[in-house]
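Worksheet: the structure to be examined is printed underneath.
Number of protein chains: 2
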Amino acid sequence: MSVQERKERERAERERLIVATARELAEQQGWEAVTTRRLAERIEYSQPVLYSHFRGKREIIGAVALQGSTEMAAAVRAATATAVGPRARVHALARAYLDFAERNPAVYDAIFQLDGGLAYAQEDTPEPLKDAFAALLESLGEVAGNGIAPGLFTEVFWASLHGVATLTRSGRLPPGDTEARVELLVDRLPVD
Amino acid sequence: MSVQERKERERAERERLIVATARELAEQQGWEAVTTRRLAERIEYSQPVLYSHFRGKREIIGAVALQGSTEMAAAVRAATATAVGPRARVHALARAYLDFAERNPAVYDAIFQLDGGLAYAQEDTPEPLKDAFAALLESLGEVAGNGIAPGLFTEVFWASLHGVATLTRSGRLPPGDTEARVELLVDRLPVD
DNA sequence: GATTGGACCCTAGCACCGCTAGACAAGCGA
DNA sequence: TCGCTTGTCTAGCGGTGCTAGGGTCCAATC
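In order, the protein sequences belong to chains W and S.
First residue of the first sequence: 1, per full-length UniProt numbering; consecutive thereafter.
First residue of the second sequence: 1, per full-length UniProt numbering; consecutive thereafter.
Encoded structure:
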């Protein structure tokens, strides 16, 4: 059995390598540069090996998205944990979210823009995605205000951050005023 | 001279045909189905003809974006014109914006998601794009509130709508609650 | 009206993409 | 030691955006 275990270990290790390499390449040169040929060359295997781990390129994107989602949830929780008071937590959350998006654009795209073949907002949504939303909900739910469902408020605040993140990065919003935009959102949307 | 004029007319007409066909194909089957081969076949010319009008596929997307941008500005102005009072105008604007995004997903993507080689938020930004932003500014600028620049407020409100539009369409926000989300934004962000 | 020049368009092909069939080698169990 | 399974690679399919080069047709000139 030991042989089989070793093989499984090595296989799992190679899968991690594929995902890490795809992510690295995407962050360095953008997702359009992540081709199966380049990816195979970087991990020093032939193309078909990729397909013994993933159904296709889409699933690789999905794997990066799940990994990134876990990290984002952690980043948001870490930022909100040290803040005192509901509004301060929301402010910290917003900064952390946009900071993550700016520092990890390719990962952010994998989670929120590209098609990674993942189910969103459903029962069979992968746990990391659910948990990332939960991380937002923890700080945003408490400032939804009367008559507004915490989930709905979280969705709207999240969507606003998403809009700022994506429009800024694509150059459709002038760069540099992000902090002012965050303050406007944090001032007006939440209710103590 | 008449011959040359006729040729120029025909050439302009063919260019319109290319843009219209690209748009139609994109709305029918998505932008990934808009290939230069299919596009050429539909307009009943060979591929290289496309390149005598546009530098490449990107520029065709850009042309669709400019056309759509003009339409969106008109749609927003039409919706806000009949509304009475600042908040009602904002509400009408939000509905019109999301309605346009939902009815013309491919055009919306050309304007706000894809790379059409256009300059945004700069001096040399094409007029239709500037005007679309101006259309938003006309109704949103008046509810920015004290100490908030109308442009900044418009950017933030727009980004929020953009987030709702894109996350909903990609299935990352559950469908159906759009009206509630709009009301939340319209209730909280503007200041009379 | 014939000739010539140039504008115009098409065929064919480049390098690349995601993905897969089938040959082949390596290593395990009998 | 042999047979077989498992795993990997080479090669190739149909597609992509884009372009070089040849041929055709038509307008202007003599």
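Note that CB positions come from ideal geometry on N, CA and C, so glycine has one too.
Note that the coordinates shown come from a computational prediction; the quantities given were computed from them, not determined experimentally.
Going along the chain, which residues of its own chain have a beta-carbon closer than 7 Å to the beta-carbon of W:A135, five neighbours each way excluded? Reading the first sequence from its first residue, position 135 is the one you call residue 135 of chain W. Hits under 7 Å: A73, V76 and R77.
If distances are taken between C-alpha atoms only, which option among S:R42, S:Q47 and S:V64 comes closest to S:D109? For this step, residue 109 of chain S is matched to residue 109 along the second sequence. Nearest option by C-alpha distance: S:V64.
Name, please, each residue of chain W whose Cβ falls closer than 8 Å to the Cβ of S:F153. Mapped onto the second sequence, residue 153 of chain S falls at position 153. The answer, in chain order, is L184.
Compute the Euclidean distance between the alpha carbons of W:M1 and W:R9, then round it to the nearest angstrom. Looking up residue 1 of chain W in the first sequence gives position 1. Looking up residue 9 of chain W in the first sequence gives position 9. For W:M1, the pLDDT reaches just 46, beneath the cut-off of 50, and the residue's location in the model is therefore unreliable, although a value from the coordinates is still provided. Answer to the nearest angstrom: the Cα atoms are 12 Å apart.
Inter-residue CB distance, S:V182 and S:L98 (contact presumed, cutoff 8 Å): Numbered from its first residue, the second sequence carries residue 182 of chain S at position 182. Numbered from its first residue, the second sequence carries residue 98 of chain S at position 98. Indeed, because the Cβ distance is near 7 Å, the residues count as touching under 8 Å.
Would you identify the three-state DSSP class for W:H53, choosing helix, strand or coil? For this step, residue 53 of chain W is matched to residue 53 along the first sequence. Here W:H53 sits in coil by DSSP.
Check each candidate in S:S52, S:E127 and S:W158 and name the one with the smallest Cα separation from S:V90. Reading the second sequence from its first residue, position 90 is the one you call residue 90 of chain S. Closest option to S:V90, Cα to Cα, is S:W158.
Segment contact flag, the segment 116-124 of chain S with the segment 30-47 of chain S, C-beta cutoff 8 Å, min 3 pairs: no
Please go through the segment 85-128 of chain W and give each complete alpha helix (DSSP H) segment of 4 or more residues, from N-terminal end onward. 86-103 and 105-112
On a Cα-Cα basis, can you pick out the residue from S:L50, S:P86 and S:E179 that is closest to W:I148? To locate residue 148 of chain W, count along the first sequence from 1; it is residue 148. When each option's Cα is compared against that of W:I148, the closest is S:E179.
Given that S:D192 touches chain W, what residues does it touch there, using C-beta distances under 9 Å? Residue mapping note: residue 192 of chain S aligns to position 192 of the second sequence, counting from 1. Neighbours of S:D192 on chain W: none; closest Cβ ~13 Å, over 9 Å.
Express the C-alpha separation of W:F133 and W:L185 in angstroms, rounding to a whole number. Taking the first sequence and counting its residues from 1, the one referred to as residue 185 of chain W is at position 185. Taking the first sequence and counting its residues from 1, the one referred to as residue 133 of chain W is at position 133. Roughly 18 Å between the two C-alpha positions.
Mind checking the segment 134-149 of chain W against chain S and listing, in chain order, the residues whose C-beta falls within less than 8 Å of any C-beta there? I148
Within 10 Å of its beta-carbon, does S:S46 have 16 or more other beta-carbons around it, so buried, or fewer, so exposed? Indexing the second sequence from 1 puts residue 46 of chain S at position 46. When all chains shown are included, S:S46 counts as exposed.
Classify W:M1 as helix, strand or coil using the three-state DSSP reduction. Within the first sequence, numbered from 1, the residue matching residue 1 of chain W stands at position 1. Because the pLDDT of W:M1 is 46, which lies under 50, any placement of that residue in the model is unreliable, and the question is left without a value.
Which of helix, strand or coil does DSSP assign to W:R58? Start at 1 with the first residue of the first sequence, and residue 58 of chain W comes out as number 58. In this structure, W:R58 counts as helix in the three-state DSSP scheme.
Taking Cβ positions only, does S:D177 come closer than 9 Å to chain W? Against the second sequence, residue 177 of chain S aligns to sequence position 177. It does; some Cβ of chain W falls within 9 Å.
Applying the criterion that 16 or more other CB atoms from any shown protein chain within 10 Å of the CB defines a buried residue, is W:N146 buried or exposed? Here residue 146 of chain W corresponds to residue number 146 of the first sequence, with the count starting at 1. W:N146 is exposed by the Cβ-count criterion.
Given a cut-off of 9 Å, decide if S:L152 and S:V164 are closer than it, judged by their beta-carbon atoms. Counted from its first residue, the second sequence places residue 164 of chain S at position 164. Counted from its first residue, the second sequence places residue 152 of chain S at position 152. No, these two residues do not count as a Cβ contact at 9 Å.
Start-to-end residues for the alpha helix (DSSP H) that takes in W:E183: Taking the first residue of the first sequence as position 1, residue 183 of chain W is located at position 183. Start and end: T178 to R188.
Throw me the rounded Cβ distance for the residue 272 of chain S and S:G62 pair, which I believe falls under 8 Å. Summary: the structure shown does not reach residue 272 of chain S, with chain S confined to residues 1 through 192, and so no result is reported for it.
Alpha-carbon spacing of W:L129 relative to W:I111, whole angstroms: As a first step, residue 129 of chain W is located in the first sequence; it is residue number 129 there, counting from the start. As a first step, residue 111 of chain W is located in the first sequence; it is residue number 111 there, counting from the start. Roughly 8 Å between the two C-alpha positions.
Quick one: Cα of S:R188 to Cα of S:E155, how far? Taking the first residue of the second sequence as position 1, residue 188 of chain S is located at position 188. Taking the first residue of the second sequence as position 1, residue 155 of chain S is located at position 155. Distance between the alpha carbons of S:R188 and S:E155: 15 Å.
Check whether the Cβ atoms of S:A96 and S:A79 sit closer than 9 Å, and answer yes or no. For the purposes of this step, residue 96 of chain S is identified with residue 96 of the second sequence, where counting begins at 1. For the purposes of this step, residue 79 of chain S is identified with residue 79 of the second sequence, where counting begins at 1. Yes, Cβ-Cβ distance for S:A96 and S:A79 is below 9 Å.
Please report the Cβ distance between W:T82 and W:K57, rounded to the nearest whole angstrom; I am assuming they are in contact, meaning their Cβ atoms lie under 8 Å. To locate residue 82 of chain W, count along the first sequence from 1; it is residue 82. To locate residue 57 of chain W, count along the first sequence from 1; it is residue 57. So it is not a contact: roughly 39 Å between Cβ atoms.
Quick one, which of S:A144, S:V49, S:H162 and S:N104 has its alpha-carbon nearest S:I18's? Within the second sequence, residue 18 of chain S is the residue found at index 18, counting from 1. Nearest C-alpha to S:I18: S:V49.
Compute the Euclidean distance between the alpha carbons of S:P126 and S:T70, then round it to the nearest angstrom. For this step, residue 126 of chain S is matched to residue 126 along the second sequence. For this step, residue 70 of chain S is matched to residue 70 along the second sequence. Taking the straight line from one Cα to the other gives about 11 Å.
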